[in-house]
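Enquirer:
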Amino acid sequence: MTTVALKPATMAQALTRAMRDAMAADPSVHVMGEDVGTLGGVFRVTDGLAKEFGEDRCTDTPLAEAGILGTAVGMAMYGLRPVVEMQFDAFAYPAFEQLISHVAKMRNRTRGAMPLPITVRVPYGGGIGGVEHHSDSSEAYYMATPGLHVVTPATVADAYGLLRAAIASDDPVVFLEPKRLYWSKDSWNPDEPATVEPIGRAVVRRSGRSATLITYGPSVPVCLEAAEAAREEGWDLEVVDLRSLVPFDDDTVAASVRRTGRAVVVHESGGFGGPGGEIAARVTERCFHHLEAPVLRVAGFDIPYPPPMLERHHLPGVDRILDAVGRLQWEAES
Amino acid sequence: MTTVALKPATMAQALTRAMRDAMAADPSVHVMGEDVGTLGGVFRVTDGLAKEFGEDRCTDTPLAEAGILGTAVGMAMYGLRPVVEMQFDAFAYPAFEQLISHVAKMRNRTRGAMPLPITVRVPYGGGIGGVEHHSDSSEAYYMATPGLHVVTPATVADAYGLLRAAIASDDPVVFLEPKRLYWSKDSWNPDEPATVEPIGRAVVRRSGRSATLITYGPSVPVCLEAAEAAREEGWDLEVVDLRSLVPFDDDTVAASVRRTGRAVVVHESGGFGGPGGEIAARVTERCFHHLEAPVLRVAGFDIPYPPPMLERHHLPGVDRILDAVGRLQWEAES
Amino acid sequence: MTVMEQRGAYRPSPPPAWQPRTDPAPLLPDAEPYRVLGTEAAAQADPELLRRLYAQLVRGRRYNAQATALTKQGRLAVYPSSTGQEACEVAAALALEDRDWLFPSYRDTLAAVARGLDPVQALTLLRGDWHTGYDPHEHRVAPLCTPLATQLPHAVGLAHAARLKGDDVVALAIVGDGGTSEGDFHEALNFAAVWQAPVVFLVQNNGFAISVPLAKQTAAPSLAHKAVGYGMPGRLVDGNDAAAVHEVLTAAVRHAREGGGPTLVEAVTYRVEAHTNADDATRYRGDAEVETWRGHDPIALLEHELTERGLIDEAGIRAARDAAETMAADLRERMNQDPVLDPMDLFAHVYAEPTPQLREQQDQLRAELQAEGEQR
Amino acid sequence: MTVMEQRGAYRPSPPPAWQPRTDPAPLLPDAEPYRVLGTEAAAQADPELLRRLYAQLVRGRRYNAQATALTKQGRLAVYPSSTGQEACEVAAALALEDRDWLFPSYRDTLAAVARGLDPVQALTLLRGDWHTGYDPHEHRVAPLCTPLATQLPHAVGLAHAARLKGDDVVALAIVGDGGTSEGDFHEALNFAAVWQAPVVFLVQNNGFAISVPLAKQTAAPSLAHKAVGYGMPGRLVDGNDAAAVHEVLTAAVRHAREGGGPTLVEAVTYRVEAHTNADDATRYRGDAEVETWRGHDPIALLEHELTERGLIDEAGIRAARDAAETMAADLRERMNQDPVLDPMDLFAHVYAEPTPQLREQQDQLRAELQAEGEQR
Ligand SMILES: Cc1ncc(C[n+]2csc(CCOP(=O)(O)OP(=O)(O)O)c2C)c(N)n1
Ligand SMILES: Cc1ncc(C[n+]2csc(CCOP(=O)(O)OP(=O)(O)O)c2C)c(N)n1
Ligand SMILES: [Mg+2]
Ligand SMILES: [Mg+2]
């Protein structure tokens, strides 16, 4: 296997590399989806795979998401490890039935006889000026579905590590790729790829003592920026990157909030019924007596994703995060 | 219109009556779905409608849920008010794309020019010994989707009132029917049907001072039973029936919890990523300084719905609710 | 840039992309359902095969009756009978080799049983002690599929995977007339044809989807006519003629095995009993129609052929019946035992390893069960 | 109950449910795409219609060029061009009466414009200031539909509703070759046929779904062959021959209007430009193929016919070009103005009345905007 110098690399390149390494290591890994072969995907995340591994290993399918995921189920039944690309978040919905009733449940239905090691890659979220149906944050749907793992990277290294772990997992993984981080760069060295940690561990991206920002995926860089800006206001914010929504790393999150006594959950997904409610509720259950203020949430509005020219008003930004931090009842302190 | 004596009536009968009255009052109301016509639905909820209003008003469709909801969208575009039956919860999933990307969004997409007054009736939840895919609690998916109203009755009178309100609404409503309450009876008088309240009001089903049980749909009777049992333990529980998950009645819920200082959210849906997280989080945001204990949740386990012979271990019952009430840190009191 | 610069050249040919592709003619079904029994074709049929089919039909009928009886005794939560459709169920099973895969719908426990599955395991789903009651790999029978038509893409994917691995495996998937209306039917057939996957799709057109008759389900000349739209052969067969269904399916399986790709087979049959024991068929159809179909009974058709041609005698018939009774008695006895259940199984197979969240819930249930046990 | 008691009677007839239903023959498409231009059929065509089509084609080509130019100037977020497909776009619009409805896919802004929609409104989605930029009721153009094939059931439902109300309305829905693989395509066609809804489905087979060629999309003899599987006529037409597309669509619309039910029309055409301005078509196809198709250009085909037969002169051609330039200049000018946006619109149309939750969020954004304003 030739080594490509990818230093610094984009998140998209790290994802490509993860699939490439997985395919090289394990002939049962198959990539499939719309335009993933010859074109290399509309985001070029599968670039070069068909060329390197042939069209049987990286396959342009007919245009039908339920068919793509449904045939992937059959392939997994026969021992393959399909890595399915859904072209955009909202275009995964036609495959919802297959995902919920089969992918998530097959292991359980068959008492473990038929696990489905399928990775469903879903580019998600906004911030790239996409027209309607191209910017949904659909993680709440997947989180509410037992049987699925749900992960999402925020860094180039995690993109590689988490995707390798997802493909290696014997359980189905919904792998949410933050579209607006595809071109984010990092000096990640592909020749020493991060050790592949098991799925399910959050990480503290920035230590702080005043309050914890709990976040994931596209909102991680925003929270880090907010934490920098918060220093001016005298707040030293901790930022926890969940990385995995299912399983959820209660230990890391609760430890942080117990330390800081205050927390804000930040995500782009709509607030109502979104991941933040679950996160805030579980943190509160675990840290009630350490909390100086209710866990607050900064989220997208409860509206259909806006048109490109208005999306900046929808997306949780630094100011909105700082506003929420400001509402964490600091008076009580003094 | 002839008057049928339905006293006492079942919830199923009240639902039938609501559709019948709506169809009689408004020729644009059309009922459609699998087996809703000649058979009157597998739960007989549409019994007699095809006979009374003809097959064009109550239509047996081909067997295809996306097609049913998708054609209903077109009918609504032309001014009709389709009432769609999904035969079972899990069989609504093939229609997910139509629901999320069109039904929920059409008004917004068209700046209000094309509202879709569609009611999607979904028999949901377990407790009836259904085989797999027949007992899902799918409300979390719908709650997380802006543009939809989500309501669910717990009483015979509300079944009538809420369904009339849903059909009358100019917005799409996901109308969740608790399967195991279909045959619950009440001395509801169909000739003086409850005044049709607008969607969005919770109701206190039982007043109490010790703690609030926040619940809806199939879990309401269970909570009322638990409240009775709790008296023996010296707890006087208040029970709030949400009736509407979207919009959410923050005022009623928060007022109750401020009074009692303690709350447990009870539902059958899985806990993780389920409605309870949202509810607990919003209650905490609003009532933090009134809370003696974190808002707890009693929910179904985070597993695919169990087979009939094991479902009783999954469903939140009186004991599990009382256990949670017992964990509301009563020591603090004394 | 002006319009004229943008304009292409004139050439009065047909559109260049268009070429006469696959010839549609051989893909179209015959005008009448193919039949063997009672026709000249019967003379060609292998007597041994006919006797095997007969024994299986008799066994299948008895199985259906027994399962329905078990619902009345509360031993099965629900049973969707395939009475009257045994020829399809049995022929589907017998058309396959051991290494092949069967993808049944929820009504097709009989096909699974005819393929060798223990009836008790096949009925687990409907008894309610678990979902899939068997290891699908053991007899290469996919889980009974309740959401209609959703197992069809699985069959395509499995067959495709086997072919990629170089294995000689054909998948046969069964779906109802109602199920053909689902999007998954369409997507599965299209993928199968594009990939030339070794799959056979058997549509059991039994006239109804619960209460909805075929005329409200489709306006097509026949369901088999859908095949040409995917570029695969469509075949129409008398679904009550076991010899005919077996012949057509066997040919389709062979075609698939030899690399010819998928086939769609429509078997015209009838659901003689109600949709399930919980259904009331009188609400949507008359007795006359049912009676007409009882006159085209799959067992009677085959028995007549066998008897007429001296291929079976009274003893042979009795042997088939006795074997069926033995199976039924054994099934009855075993189904009358309460299954032993462990509630902790609820958490055992959600993931390879329970998540920390599930472990907490596991502990909760364990404690509850312990407390319950102590109370007793 | 013994097996024999359960057994039905013998009757060696065909299965009773089966009757020869619709005759499939008239539903099948011709072996070659129907053409008018450059054939004898052209003599029958109405010269006035041909001139109208020509003017619209020229205008359409200019519209495509202008919209693509606007992407380069950052005035459109993205544009999926229909260059080379103008004959389909224009004929679809012209085949309909005012009271009829058009259901375009995301590529069909031109069809909407040819139907009378203001190009600026048609391009709103792609400029990004809102989603649907027009009131669908005004010109009876459904919202441009991005999720492929999902608007097809809407067209069926609308046409069905109109028929139930006794209104004379036909719906014409456009979908791509790729879109035919989606389950919604299947379900829509089936509902349409069962309900005999007045709908025309126009498949623009332009050879590609982004990078995926037709051969990876389907193995069918033609996409029009799918029709017979639903029991509706399938028609194959040269999609670059505006006169032919118009004739076939007009006939299908008339058929629907007269109660004959739906038709599936496959127009064989080609996407001469990249999928959108953001796409790089050289990754998946060669220049030679594109050049071949430029030799079958819809404008050139029609212009040749008109010129040869003396139905248009230089002045007529110039007039068409001038009108197109005027439209383009106006479009350019208006698109160069920044749209006036109100962020509070985000909350205005989620529900008829904002929920209490949305009202809180509305207040929050209002306060933020105010603070922002004060800072400036
Ligand atoms: C996706 C889906 N929708 C609805 C149902 C409910 N349902 C169960 S059986 C049935 C009718 C099936 O008819 P058909 O496909 O003809 O099979 P048959 O029952 O005749 O064997 C329906 C609507 C289901 N199981 N799955
Ligand atoms: C349901 C869905 N899946 C995927 C996409 C992404 N996508 C946009 S256009 C396109 C190709 C469409 O091809 P075709 O239907 O032939 O139309 P054309 O672009 O050729 O006009 C794809 C895959 C989508 N818009 N909707
Ligand atoms: Mg059937
Ligand atoms: Mg195309």
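Residue numbers (the working numbering), protein chains in the order written: chain X, 841 to 1174; chain R, 841 to 1174; chain H, 51 to 426; chain A, 51 to 426. Idealized CB from N, CA, C, for every residue including glycine.
#1: Nearest-angstrom Cα distance between VAL943 (chain X) and PRO848 (chain R)?
#2: Any heavy atom of ligand 3 inside 7 Å of the beta-carbon of ASP227 (chain H)?
#3: Would you identify the three-state DSSP class for ALA1051 (chain X), choosing helix, strand or coil?
#4: Span of the beta strand (DSSP E) holding ASN255 (chain H)?
#5: Should ALA317 (chain A) be labelled buried (16 or more other beta-carbon atoms within 10 Å of its own) or exposed?
#6: Would you call the region 117 to 129 of chain A and the region 99 to 108 of chain A in contact, with 3 or more CB pairs under 8 Å?
#7: Is any beta-carbon of chain H found at less than 8 Å from that of VAL971 (chain R)?
#8: Report all residues from its chain with a CB closer than 8 Å to the CB of THR842 (chain X); omit the five preceding and five following residues, and keep chain order.
#9: By the 10 Å Cβ neighbour count, where 16 or more other Cβ atoms means buried, how is TRP1023 (chain R) classified, buried or exposed?
#10: Do you know offhand how far GLU82 (chain A)'s Cα is from ALA95 (chain A)'s?
#11: I'd like to confirm something about ILE260 (chain A): is its beta-carbon nearer than 7 Å to some heavy atom of ligand 5, or not?
#12: How big is the Cα-Cα spacing for ALA221 (chain A) and TYR918 (chain R)?
#13: Check this for me: beta carbons of ILE367 (chain A) and ARG101 (chain A), under 8 Å apart or not?
#14: Looking at the unbroken beta strand (DSSP E) that takes in ARG812 (chain R), where does it start and where does it end?
#15: Any idea which residues DSSP pairs ARG1137 (chain X) with across the strands?
#16: Just to confirm my understanding: we take ARG371 (chain A), look at its own chain, exclude 5 residues before and 5 after, and list those with CB closer than 7 Å. What are they?
#17: Could you tell me whether the Cβ of ASN948 (chain X) comes closer than 8 Å to any Cβ of chain R?
#18: Kindly indicate the opening and closing residues of the beta strand (DSSP E) around PHE153 (chain A).
#19: One question on the structure: do ALA141 (chain H) and LEU299 (chain H) come within less than 8 Å of each other, judged by their Cβ atoms?
#20: Is SER272 (chain A) buried or exposed, if buried means 16 or more other CB atoms sit within 10 Å of its CB?
#21: At a CB-CB cut-off below 7 Å, which residues of chain A make contact with LEU1150 (chain X)?
#22: Is the Cβ-Cβ distance between TYR280 (chain H) and ASN240 (chain H) less than 8 Å?
#23: So what does DSSP say about MET872 (chain R), is it helix, strand or coil?
#24: Taking 8 Å as the threshold (C-beta atoms), are ALA274 (chain A) and GLY31 (chain A) in contact?
#25: At a cut-off of 7 Å, is GLN927 (chain R) close to ligand 1 when judged by its beta-carbon and the heavy atoms of the ligand?
#26: Evaluate contact between the region 1155 to 1171 of chain X and the region 856 to 867 of chain R, counting only Cβ atoms and requiring at least three cross-stretch pairs below 8 Å.
#27: Residues in the same chain with beta-carbon distance under 6 Å from PHE258 (chain H), minus the five sequence neighbours each way, listed in chain order, please.
#28: Under a Cβ-count criterion, where at least 16 other Cβ atoms within 10 Å of its own Cβ denotes burial, should LYS276 (chain A) be classed as buried or exposed?
#29: Excluding the 5 residues preceding and the 5 following SER1009 (chain X) in the sequence, name in chain order all residues of the same chain whose CB lies nearer than 7 Å to its CB.
#30: When the Cα atoms are used, what is the spatial distance from VAL53 (chain A) to ALA379 (chain H)?
#31: Are the beta-carbon atoms belonging to GLU972 (chain X) and PHE936 (chain R) less than 8 Å from one another?
#32: Find out if the Cβ-Cβ distance for the pair LEU396 (chain A), PRO1146 (chain X) is shorter than 8 Å.
#33: With GLU316 (chain H) as the anchor, note down where its beta strand (DSSP E) starts and where it stops.
#34: With respect to the alpha helix (DSSP H) encompassing PRO1115 (chain R), which residues constitute its N-terminal and C-terminal limits?
#35: For the pair the region 219 to 238 of chain A and the region 193 to 204 of chain A, tell me if three or more CB-CB distances fall below 8 Å.
#36: I'd like to know whether the C-beta of HIS942 (chain R) is nearer than 8 Å to at least one C-beta of chain H.
Expert: Reading it off the structure:
#1: The sequence position of residue 943 (chain X) within the first sequence is 103, counting from 1. The sequence position of residue 848 (chain R) within the second sequence is 8, counting from 1. Roughly 44 Å between the two C-alpha positions.
#2: Locating residue 227 (chain H) in the third sequence gives position 177, where the first residue counts as 1. Distances between the C-beta of ASP227 (chain H) and the heavy atoms of ligand 3 include at least one below 7 Å.
#3: To locate residue 1051 (chain X), count along the first sequence from 1; it is residue 211. Three-state DSSP puts ALA1051 (chain X) in a strand.
#4: Along the third sequence, read from residue 1 onward, the residue named residue 255 (chain H) stands at position 205. Segment 249 to 255, the beta strand (DSSP E) holding ASN255 (chain H).
#5: Taking the fourth sequence and counting its residues from 1, the one referred to as residue 317 (chain A) is at position 267. Its Cβ being crowded by 16 or more others within 10 Å, ALA317 (chain A) is buried.
#6: Contact annotation: the region 117 to 129 of chain A does not touch the region 99 to 108 of chain A, with fewer than three C-beta pairs closer than 8 Å.
#7: Against the second sequence, residue 971 (chain R) aligns to sequence position 131. Judged by the 8 Å Cβ criterion, VAL971 (chain R) is in contact with chain H.
#8: Along the first sequence, read from residue 1 onward, the residue named residue 842 (chain X) stands at position 2. Per-residue confidence for THR842 (chain X) stands at a pLDDT of 44, beneath the threshold of 50, marking its modelled position as unreliable; the derived number appears in the next sentence. The answer is none, since no qualifying residue turns up.
#9: Taking the second sequence and counting its residues from 1, one reaches residue 1023 (chain R) at position 183. By the Cβ neighbour-count rule, TRP1023 (chain R) is exposed, with fewer than 16 other Cβ atoms within 10 Å of its own.
#10: Against the fourth sequence, residue 82 (chain A) aligns to sequence position 32. Against the fourth sequence, residue 95 (chain A) aligns to sequence position 45. Whole-angstrom Cα-Cα distance: 20 Å.
#11: Because ligand 5 does not appear in the structure shown, any question about it cannot be addressed here, the ligands present being ligand 1, ligand 2, ligand 3 and ligand 4.
#12: Numbered from 1 along the fourth sequence, position 171 holds the residue referred to as residue 221 (chain A). Numbered from 1 along the second sequence, position 78 holds the residue referred to as residue 918 (chain R). Cα to Cα, ALA221 (chain A) sits roughly 11 Å from TYR918 (chain R).
#13: In the fourth sequence, the residue the question calls residue 367 (chain A) occupies position 317. In the fourth sequence, the residue the question calls residue 101 (chain A) occupies position 51. The answer is no: Cβ separation not under 8 Å.
#14: Residue 812 (chain R) lies beyond the stretch modelled for chain R, which goes from 841 to 1174, so this question has no answer here.
#15: Looking up residue 1137 (chain X) in the first sequence gives position 297. Within the DSSP secondary-structure output, ARG1137 (chain X) pairs in a beta bridge with X:VAL1105.
#16: Within the fourth sequence, the letter at position 321 stands for residue 371 (chain A). Excluding positions up to five away in sequence, the list reads VAL108.
#17: Position 108 of the first sequence, counted from the start, is the residue given in the question as residue 948 (chain X). So, interface residue.
#18: Locating residue 153 (chain A) in the fourth sequence gives position 103, where the first residue counts as 1. Its beta strand (DSSP E) spans residues 151 to 153.
#19: By one-based count along the third sequence, residue 141 (chain H) stands at place 91. By one-based count along the third sequence, residue 299 (chain H) stands at place 249. Contact: yes.
#20: Against the fourth sequence, residue 272 (chain A) aligns to sequence position 222. So SER272 (chain A) counts as buried.
#21: In the first sequence, counting from the first residue as 1, residue 1150 (chain X) sits at position 310. Against LEU1150 (chain X), the close residues of chain A are LEU391, PRO393 and LEU396, in the order they occur along the chain (beta-carbon pairs closer than 7 Å).
#22: For the purposes of this step, residue 280 (chain H) is identified with residue 230 of the third sequence, where counting begins at 1. For the purposes of this step, residue 240 (chain H) is identified with residue 190 of the third sequence, where counting begins at 1. Yes, the Cβ-Cβ distance between TYR280 (chain H) and ASN240 (chain H) is below 8 Å.
#23: As a working note, residue 872 (chain R) is residue 32 in the second sequence. Note: MET872 (chain R) maps to strand in three-state DSSP.
#24: Given a span of 51 to 426 for chain A in the structure shown, any question on residue 31 (chain A) remains unanswerable.
#25: Taking the first residue of the second sequence as 1, we reach residue 927 (chain R) at position 87. Yes, the beta carbon of GLN927 (chain R) sits closer than 7 Å to at least one heavy atom of ligand 1.
#26: No, they do not touch.
#27: Taking the third sequence and counting its residues from 1, the one referred to as residue 258 (chain H) is at position 208. If we look at PHE258 (chain H) and ignore the five residues flanking it on each side, its Cβ neighbours are ARG321.
#28: Within the fourth sequence, the letter at position 226 stands for residue 276 (chain A). LYS276 (chain A) should be labelled buried.
#29: For the purposes of this step, residue 1009 (chain X) is taken as the residue at position 169 of the first sequence. Closer than 7 Å at Cβ, skipping near neighbours: PRO957, HIS989 and ILE1039.
#30: Looking up residue 53 (chain A) in the fourth sequence gives position 3. Looking up residue 379 (chain H) in the third sequence gives position 329. Note that VAL53 (chain A) has pLDDT 37, beneath the 50 cutoff, so the model's placement of it is unreliable and the number below is only indicative. VAL53 (chain A) and ALA379 (chain H) have their C-alpha atoms roughly 13 Å apart.
#31: Indexing the first sequence from 1 puts residue 972 (chain X) at position 132. Indexing the second sequence from 1 puts residue 936 (chain R) at position 96. For the pair GLU972 (chain X) and PHE936 (chain R), the CB atoms are not nearer than the 8 Å cut-off.
#32: Translated into positions along the fourth sequence, residue 396 (chain A) becomes position 346. Translated into positions along the first sequence, residue 1146 (chain X) becomes position 306. Contact annotation: LEU396 (chain A) and PRO1146 (chain X) have beta-carbon atoms nearer than 8 Å.
#33: Within the third sequence, the letter at position 266 stands for residue 316 (chain H). Start and end: 313 to 318.
#34: The sequence position of residue 1115 (chain R) within the second sequence is 275, counting from 1. DSSP places PRO1115 (chain R) in the uninterrupted alpha helix (DSSP H) bounded by 1115 to 1127.
#35: Flag = yes, the region 219 to 238 of chain A and the region 193 to 204 of chain A touch.
#36: Locating residue 942 (chain R) in the second sequence gives position 102, counting from the first residue. It does not: the Cβ of HIS942 (chain R) has no partner Cβ on chain H nearer than 8 Å.
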